[in-house]
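One rule links them: number in the working numbering = place in the sequence shown (from 1) + 257.
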Amino acid sequence: SIQALEKDIREWIADWNDNPRPFNWTKTADEIFERLGSYLQRIPGAGH
């Protein structure tokens, strides 16, 4: 349900705020753009 999802998200945010961890990128910008380009080609009528 929407209420359960909202509750879970709020709990995750509270936990993250209490125990923050650094975010480390695992892909290069080129890898991200390559994947994005591949994705946009699959979307009909995307106009990209």
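All C-beta atoms, glycine included, are put in the ideal place defined by N, C-alpha and C.
Asked                                                                                                                : Found
Would you kindly work out how many angstroms separate the C-alpha atoms of Q260 and E288, rounded to a whole number? : 36 Å
What did DSSP end up calling S258 once you bin it into helix, strand or coil?                                        : coil
Quick one: what does DSSP say W282 is sitting in, helix, strand or coil?                                             : coil
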